[in-house]
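Beneath this line is the structure, given in structure tokens, with notes to follow.
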């Protein structure tokens, strides 16, 4: 969302509310002190090894055009790589995972998530405590430790819900320690991610100043050098046209491209924005749009602007909960797809959407498109599922690695139970996943060959500790911000 100025999902989310209500004491660390969390050279969180396993007898939705769906299929993986996807596979010595009464599919891919605000979802409501005024007060007083704790909460919930890749749209970077905090949270949880280096609330108020090019280069060097294992990639999150003058945003985009960084930009989110400027048209006239650019939202893009997006092969990430919760507008998903635009789906922020829940996002996206098009057949559940998996990978430039289940790709996959009360009986996999399933039905989550959730339980994360530290950070930040939210 752009800004102007051993736990089940139920236990996990419930604990956030319960711990938050306790009113834990605030930490004393000042908002802009250096982080004690360390840099990329520090030891990361303890993650399970990438072993060898085989999923047996699952209904496999590969999202691969050649393989299709495989009833009673097997998936064999070793050291993070999918070795084989088929039936009656031989894998002597591999750990066996029972796939009966399970759909196996690629892990969900979020393409736009402001992780830094995850700890504040319980306070954003209507009126004076809406998203923009609240986060504009909280953001500047957060410490790097707060950023780490908040981001880790959002990432952990995402993993628990079956999301295996996140696009961390980080736009509360007060200094480099905040970027390091976000990146460490991503690495400690073990999720796949693009980290897009953004800006701070302070820089938002200084439109004539450019982003911190030196720190962007440092982050790229320290976190994305030869030692990077490939789970994390980097991008640049732009304030962009309208919020900064042309000489600033052009310089920033030129720098990002010189560093090989894909660029992401909010655009067309609200009617209020259109009264100030038409960002898509501005970028098009400046010849800045292209396949390395991801526009967020575009709910109020004109037909001409949607044509500009298609012509330049620019990508679009849609956050349906933002569109509806903030009355931003109905997404033009069907029209964009007809134009050949690469689209994907995103959480945006749990302070507005409530949860990192791709099932709800898919369901709402389908319903909003029905309202926009008045045609229930224009975009159907299988296409929505593709947006949440393979299209997300295409949007983030990692479809050669993830987004579908095929030999040679990385082992990012989830198992969803088909015999729970809220989804039974199992008839159509796409309908079950898009219109019936919830995070509570996610049985197993594997990221890059590491099993992070199994038999419905997080096995690599201490959820109670994550919730406790996020609550402590929230109460401390709220106290520094002066409340009363």
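Numbering (the working numbering), first residue to last: 197 to 681.
Each residue gets a CB set at the ideal place from its N, CA and C atoms; glycine is no exception.
Note that the structure is a prediction, hence the values are computed from the model and not measured.
Among the residues of its own chain, which have a CB less than 6 Å from the CB of residue 333, if the five just before and after it don't count? Excluding residues within five positions, the ones whose Cβ falls inside 6 Å are 677.
Contact set for residue 265: own chain, Cβ-Cβ below 6 Å, skip 5 residues either direction: 257
Do residue 276 and residue 648 have their CB atoms nearer than 8 Å? With respect to the 8 Å criterion, residue 276 and residue 648 are not classified as neighbours on the basis of their beta carbons.
Between the C-alpha atoms of residue 273 and residue 284, what's the straight-line distance to the nearest angstrom? 14 Å
Buried or exposed, going by whether 16 or more other CB atoms sit within 10 Å of the CB of residue 219? For residue 219, the predicted structure reports a pLDDT of 35, less than 50, and the residue's modelled location is therefore unreliable. A value from the coordinates is still provided. That one is exposed.
How about residue 486 and residue 471: are their beta carbons less than 8 Å apart? no
For a quick check, are the C-beta atoms of residue 588 and residue 306 less than 8 Å apart? yes
Given 8 Å as the limit, is there contact between the stretch 346-353 and the stretch 425-440, that is, 3 or more CB pairs closer than that? no
Determine, using beta-carbon pairs with one atom in the stretch 337-346 and one in the stretch 572-589, whether at least three such pairs fall under 8 Å. no
Suppose contacts are defined by Cβ-Cβ distances below 8 Å. Is residue 287 in contact with residue 250 by that definition? yes
Below 7 Å CB to CB, which residues in the same chain sit around residue 635 once its five sequence neighbours on both sides are set aside? 205, 356, 357, 358, 553, 555
Inter-residue spacing [alpha-carbon to alpha-carbon] between residue 418 and residue 308: 23 Å
Local conformation of residue 570 per DSSP, three classes: coil
Exposed or buried, residue 253, counting other C-beta atoms within 10 Å across all chains shown (16 or more means buried)? buried
Give the list of continuous alpha helix (DSSP H) stretches no shorter than 4 residues that lie fully inside the stretch 227-304. The alpha helix (DSSP H) runs lying completely inside the stretch 227-304 and spanning 4 residues or more number zero.
Could you compute how far the alpha carbon of residue 571 sits from the alpha carbon of residue 546? 29 Å
Residue 576 by DSSP, collapsed to three states: which one? coil
Suppose contacts are defined by Cβ-Cβ distances below 8 Å. Is residue 407 in contact with residue 395 by that definition? yes
Does the separation of the CB atoms of residue 521 and residue 489 fall below 8 Å? no
With DSSP as the reference, label residue 546 as helix, strand or coil. helix
So the candidates are 362, 566, 331; which of them puts its Cα closest to the Cα of residue 304? Here the closest residue by C-alpha is 362.
Extract the residue ranges of the beta strand (DSSP E) inside the stretch 588-651, only unbroken runs of 3 or more that lie entirely within it. 609-613, 638-643, 646-650
Return the CA-CA distance between residue 420 and residue 429, expressed in angstroms with no decimal places. Taking the straight line joining both Cα atoms gives about 7 Å.
Three or more C-beta pairs below 8 Å linking the stretch 558-567 and the stretch 596-615: no
For residue 430, which three-state DSSP category applies? strand
DSSP three-state call for residue 400: helix, strand or coil? helix
Can you tell me where the alpha helix (DSSP H) holding residue 375 begins and where it ends? 372-385
Might you give, ordered along the chain, the residues of its own chain that have their beta carbon closer than 6 Å to the beta carbon of residue 658, omitting 5 neighbours on each side? For residue 658, there are no CB contacts under 6 Å within the same chain when 5 residues up- and downstream are skipped.
Is DSSP giving residue 540 helix, strand or coil here? strand
Report yes if the CB atom of residue 526 is closer than 8 Å to the CB atom of residue 568, and no otherwise. yes
With DSSP collapsed to three states, give me the class of residue 655. coil
Taking all protein chains shown into account, decide if residue 317 is buried (16 or more other Cβ within 10 angstroms of its Cβ) or exposed. buried
Going by DSSP, name the residue or residues bridged to residue 461. 434, 491
Secondary structure of residue 390, DSSP reduced to three states: strand
Could you tell me the distance, in whole angstroms, from the CA atom of residue 354 to the CA atom of residue 626? For residue 354 and residue 626, the gap between their C-alpha atoms comes out near 20 Å.
At a Cβ threshold of 8 Å, is residue 433 touching chain D? The displayed structure is made up of one protein chain only, and chain D is not part of it.
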